[in-house]
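Novice: The following block contains the structure, expressed as structure tokens.
In my numbering, the protein residues as written are 918 to 1170.
Have a look at this one:
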């Protein structure tokens, strides 16, 4: 049995970048994006060389965001992402995360609830076809005004039967975690798990960011966190607190 065939649990997958190539090619023209050949498609949508920094990674999200323009598209990509995880990678438990504010940006004709219902519909359809368990994680964008976090937190709590966790993502530099603390404590009290993107970028303060995510946001899991290697004491702290790191063996991105 090879690695792809082994049954797996996937804890960290972003829906917004989990699109099939053929689906993107099909959707692009209607969104005003010309991809006449494979070279043009690769230049616009694919990662063709190693990413050197977090900013370059985040920019890739912008390339696919424009395609997420209807509930029909959201249902489709959710369905396809689940099936591909199952058939192509041997995944049997999938935690799929997305940022409602990000999906809705430029697509204001959809409400947060309509977005969520479409995604939920796609994942449920896939689960009826294959032996796959899917949980959804709601992302707060730390680069948006903190007041936006209150609405998203309540949205996640209101949908706690299908959201299993709350996340804080985007660039940490210049965006302190502490103001978000009340929202994550509310979410935890409502029964949501707390996982935080932190310690992702190669910056000196990265270990401090991870400490703040644990101490102020109540993180029991950290997305990435690889930069704690800079601080042996922080590595010990993560171990003592039994905080899990969501890591990929081959790439931090």
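The C-beta atom is built at its ideal place from N, Cα and C for all residues, glycine as well. Here the structure is a predicted model, which is why all the values come from computation and not from measurement.
Give me the Cβ distance between residue 1053 and residue 1008, rounded to the nearest whole Å; I'm assuming they're in contact under 8 Å.
Specialist: 15 Å between Cβ atoms; not a contact.
Novice: Would you call residue 1012 buried or exposed, if buried means 16 or more other Cβ atoms sit within 10 Å of its Cβ?
Specialist: Result: buried.
Novice: With distances taken Cα to Cα, identify the nearest neighbour of residue 1004 among 951, 991, 1118 and 1043.
Specialist: Among 951, 991, 1118 and 1043, the Cα nearest to that of residue 1004 is on 1043.
Novice: Can you tell me where the alpha helix (DSSP H) holding residue 1039 begins and where it ends?
Specialist: It spans 1029-1046 - the alpha helix (DSSP H) in which residue 1039 sits, taken as one unbroken run.
Novice: Would you mind working out which of 980, 979 and 1021 sits nearest residue 991, comparing C-alpha positions?
Specialist: Ranking the options by Cα distance to residue 991, first place goes to 1021.
Novice: Using the Cα positions of residue 1110 and residue 1137, report the straight-line distance between them to the nearest angstrom.
Specialist: When rounded, the distance between both Cα atoms is 8 Å.
Novice: What residue range is occupied by the uninterrupted alpha helix (DSSP H) comprising residue 925?
Specialist: Careful: residue 925 lies outside any alpha helix (DSSP H), inside the beta strand (DSSP E) at 925-931.
Novice: Would you list the residues sitting across from residue 1050 in a DSSP beta bridge?
Specialist: DSSP lists 1010 as partners of residue 1050.
Novice: Here's the rule: buried if 16 or more other CB atoms are within 10 angstroms of the residue's CB, otherwise exposed. What is residue 1155?
Specialist: Label assigned to residue 1155: buried.
Novice: Going by the DSSP bridge assignment, what does residue 1138 pair with across the sheet?
Specialist: The partner list for residue 1138 (beta bridge, DSSP) reads 1112 and 1161.
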